[in-house]
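If you want the numbering used here, it's the position in the sequence shown, counting the first as 1, plus 117. Each residue gets a CB set at the ideal place from its N, CA and C atoms; glycine is no exception.
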Amino acid sequence: ICLALLKEDNNCCSIMRPTILLFVLQSAHSLQSSPPLAFVASRASKNCGGGVLRHRQQRTKQYLSDDDSDEEIIPINNDRSILAGESTFQKYGRPSDINSDSFGPLLPIAEAVDEVTGGWALTYADLHPATPRTTIGQAFLATNIFYAAGGLALGVQGDWFYGALTELAGIVSFIYHYSQLEFGKNRSEVRLALLVDYFTAGAALICGGIYMVQMGIDTIPLDALLTAVGASVCLALCWVWEFGYPYIFWHSLWHILSALTGYLIGQDHLLSTGG
């Protein structure tokens with residue numbers, strides 16, 4: 118505009134011409150040192166592409182120098198590493214919230230478990246973006262019904278003890294995974310639920326193992342052995358892909374196959390004891 122004024126306004130006084138030229142030069146330097154607003158908005162939109170980080174809180178760090186400028190979008194919750202497949206233990210390391218406020222009377226046990234495993238046992242997968250209100254999250258929680266069904270079937274057939282342990286394992290598993298989906302990563306509430314889940318699932322597994330010893334390993338039905346191997350493989354893969362949807366997929370299969378294994382072993386034990 119100023120250049121047009123200098124060109125077209127023949128009556129512009131000679132005193133104003135240097136002032137206008139100085140203004141033009143200062144404006145040009147300002148545009149060089151700071152990117153236009155439209156360019157900044159475009160960069161921010163590009164860096165948040167795919168909608169992955171759209172719902173996350175973000176902050177902007179701007180690097181300015183005399184010669185160049187750039188802008189980087191930094192996600193606070195580091196979703197890029199989650200999507201890249203980095204496990205929770207690798208990302209966050211050893212838990213730092215194992216204290217009496219979090220675990221109460223279970224603190225000595227929690228500290229012992231944490232110490233023996235080097236902090237690994239009380240870490241858990243970040244299941245973002247699944248929550249208890251998403252379809253995938255609800256389907257994942259629903260797989261715990263297999264424990265309820267297997268425990269009820271064993272109880273009806275006469276083994277109320279093993280059936281009750283299986284039922285209890287399913288209930289605590291549901292509570293743990295619900296809190297895992299609801300609270301997200303690095304929460305003491307989820308670690309407490311995980312510790313209790315170790316107790317109940319371990320009790321059911323120990324009981325099933327005792328049944329297998331009583332019956333004799335060589336007498337265990339082939340279908341129970343196959344489901345046991347399949348369940349173990351799925352559980353191992355949960356620790357390989359300890360994040361998001363891959364974890365949900367493999368851990369859902371662990372629920373289904375481990376519940377089926379428990380039912381088959383319990384049923385065979387009833388047959389062998391005449392129950």
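For this session: Please determine if the segment 258-265 and the segment 362-377 are in contact, where contact requires at least 3 C-beta pairs separated by less than 8 Å.
Result: yes
Q) Going by other Cβ atoms of all chains shown within 10 Å of its Cβ, with 16 needed for buried, is Leu388 buried or exposed? A) Translated into positions along the sequence shown, residue 388 becomes position 271. Burial call: exposed.
In the DSSP output, what is Asp243 paired with across the bridge?
Taking the sequence shown and counting its residues from 1, the one referred to as residue 243 is at position 126. In the DSSP output, where bridge partners are listed per residue, Asp243 has Phe360.
How about Ala341 and Leu381: are their beta carbons less than 7 Å apart?
Indexing the sequence shown from 1 puts residue 341 at position 224. Indexing the sequence shown from 1 puts residue 381 at position 264. In contact: Ala341 and Leu381 (Cβ atoms closer than 7 Å).
Among Tyr279, Leu312, Leu322, whose alpha-carbon lies nearest the alpha-carbon of Ile292? Here residue 292 refers to the residue found at position 175 when the sequence shown is read from its first residue. When only C-alpha atoms are compared, the closest one is Leu312.
So, are the CB atoms of Val289 and Phe300 less than 7 Å apart? Position 172 of the sequence shown, counting from 1, holds the residue named residue 289. Position 183 of the sequence shown, counting from 1, holds the residue named residue 300. No, the Cβ-Cβ distance between Val289 and Phe300 is not below 7 Å.
Check: With distances taken between CB atoms, is the gap from Phe220 to Ala227 smaller than 7 Å?
Finding: As a position in the sequence shown, residue 220 is number 103, starting the count at 1. As a position in the sequence shown, residue 227 is number 110, starting the count at 1. In this structure, Ala227 lies closer than 7 Å to Phe220 by Cβ.
DSSP three-state call for Ser213: helix, strand or coil? Locating residue 213 in the sequence shown gives position 96, where the first residue counts as 1. It is coil, neither helix nor strand.
Checklist entry - Which runs of the alpha helix (DSSP H), 4 residues or longer, sit entirely within the segment 239-310? => result 252-259, 262-274, 277-300
Exercise. Output the distance between the C-alpha atoms of Asp231 and Glu284, rounded to the nearest integer angstrom.
Key: Stepping through the sequence shown from its first residue, residue 231 is reached at position 114. Stepping through the sequence shown from its first residue, residue 284 is reached at position 167. Spanning the two alpha carbons is a distance of roughly 27 Å.
CB contact flag (Leu298, Pro249, <7 Å)
Position 181 of the sequence shown, counted from the start, is the residue given in the question as residue 298. Position 132 of the sequence shown, counted from the start, is the residue given in the question as residue 249. Yes. Within cutoff.
*With Pro225 as the anchor, note down where its alpha helix (DSSP H) starts and where it stops.*
Position 108 of the sequence shown, counting from 1, holds the residue named residue 225. Note, Pro225: alpha helix (DSSP H), 224-233.
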